[in-house]
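Remarks on the structure that follows.
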Amino acid sequence: MPADSVLSLPLVTERLRLRAHTPGDAAWLHRVYAQPDVARYLLDDPWDAARAAREAVAREPKSDLDGGTNTLALVIERERTPIGDVLLWRTDTHPRIAEVGWVLDPAHAGQGFAREAVAEVLRVVFEHYGLHRVVAQMDARNTASARLATAVGMRREAHLRQDWWNKGEWTDTLVFGMLAADRPVT
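First residue of the sequence shown: 286, per our numbering; consecutive thereafter.
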């Protein structure tokens with residue numbers, strides 16, 4: 286698929302639907318991002334309702350990596366119920382390099398939903414957008430995200446020691462990466 290064509294949404298996997306955000310997503314974003322266990326490894330503190338409403342509006346136009354925002358922000362739905370989201374944005378280093386991040390409601394953890402969603406997003410960004418490289422950076426204590434990165438085929442490239450001051454403490458960062466050449470030939 287040519288990189289200059291608009292991505293057709295929603296993306297559909299065996300068990301999930303990945304769609305663009307809408308302003309109506311504020312309630313579920315608040316429910317998920319307000320949880321201390323979710324915010325623990327993120328850069329932000331738990332969200333209040335006002336923050337969730339602002340984020341829902343801000344994410345709405347982020348539906349095409351080639352669009353004006355250079356960001357693809359997708360809601361992960363299971364049986365039409367939002368259970369998390371995946372964000373992918375172009376970095377400043379090169380237009381064919383992007384970073385990916387994800388959040389899943391802990392109530393739906395351990396069932397492979399995040400792996401299925403992230404794998405589909407990676408497939409799309411390499412095949413549709415022709416990216417060269419995708420990276421994921423995370424708090425090194427977030428073992429679930431590190432397992433997910435490995436499960437979708439990303440390689441651990443670095444463990445940066447106490448490189449980030451976050452929420453009153455120095456934290457370590459893990460960096461995972463995937464090249465287009467790492468993807469299996471289909």
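Beta carbons are placed, not taken as given, at the ideal position from N, Cα and C, and that holds for glycine.
Starting from residue i, trace the beta strand (DSSP E) in both directions and tell me its first and last residue.
i: D424; result: 418-424
i: A392; result: Looking at the DSSP string, A392 is not in any beta strand (DSSP E), and its letter there is neither H nor E.
i: W449; result: 440-451
i: T458; result: 454-464
i: L373; result: 366-375
For residue i, collect the residues of the same chain with a Cβ closer than 6 Å to its Cβ; drop the 5 residues on either side in sequence, then sort them by chain order.
i: A338; result: A311
i: E442; result: V460, G462
i: A436; result: R400
i: G386; result: L372
i: E299; result: none
i: T456; result: D424, W449
Can you grab the Cα-Cα spacing for the pair residue i / residue j, in whole Å?
i: A434; j: P295; result: 23 Å
i: M286; j: E454; result: For M286, the predicted structure reports a pLDDT of 42, less than 50, and the residue's modelled location is therefore unreliable. A value from the coordinates is still provided. Cα-Cα distance, rounded: 45 Å.
i: V406; j: H306; result: 15 Å
i: L357; j: V409; result: 11 Å
i: D448; j: Y326; result: 14 Å
i: Y293; j: K452; result: According to the sequence as given, residue 293 is Ser; it is not Tyr. S293 and K452: Cα-Cα distance of roughly 38 Å.
i: R316; j: I361; result: 14 Å
i: T376; j: P469; result: 24 Å
i: R363; j: E384; result: 24 Å
i: Q396; j: T378; result: 35 Å
i: R440; j: A335; result: 37 Å
i: D241; j: L359; result: Lying outside 286 to 471, the shown extent of the chain, residue 241 is not represented and no answer is given.
i: G438; j: A404; result: 8 Å
i: A343; j: H417; result: 27 Å
Roughly how far, in whole angstroms, is the beta-carbon of residue i from the beta-carbon of residue j, given that I think they are within contact range, below 8 Å?
i: R381; j: G415; result: 7 Å
i: L301; j: A402; result: 6 Å
i: A465; j: F398; result: Not really, about 25 Å apart at Cβ, beyond 8 Å.
i: D322; j: P391; result: 6 Å
Provide the residue span of the alpha helix (DSSP H) that contains residue i, from first to last.
i: H413; result: Note, H413: premise wrong, no alpha helix (DSSP H); not H, not E.
i: D322; result: 321-324
i: T435; result: 428-436
i: R316; result: 311-318
i: E340; result: 334-344
In its own chain, which residues sit with a C-beta less than 8 Å from the C-beta of residue i, not counting the 5 before and 5 after it?
i: S290; result: H413
i: A324; result: Y318, D330, P331, W332
i: T297; result: The sequence as given places Val at residue 297; Thr does not occur at that position. Here the set comprises L303.
i: T458; result: Q422, M423, D424, A425, A443, H444, L445, D448, W449
i: A394; result: A429
i: A341; result: H306, T307, P308, G309, D310, A311, L314
Just to confirm my understanding: we take residue i, look at its own chain, exclude 5 residues before and 5 after, and list those with CB closer than 7 Å. What are they?
i: T354; result: P346, K347
i: N427; result: Y326
i: W374; result: N355, T356, A383, E384
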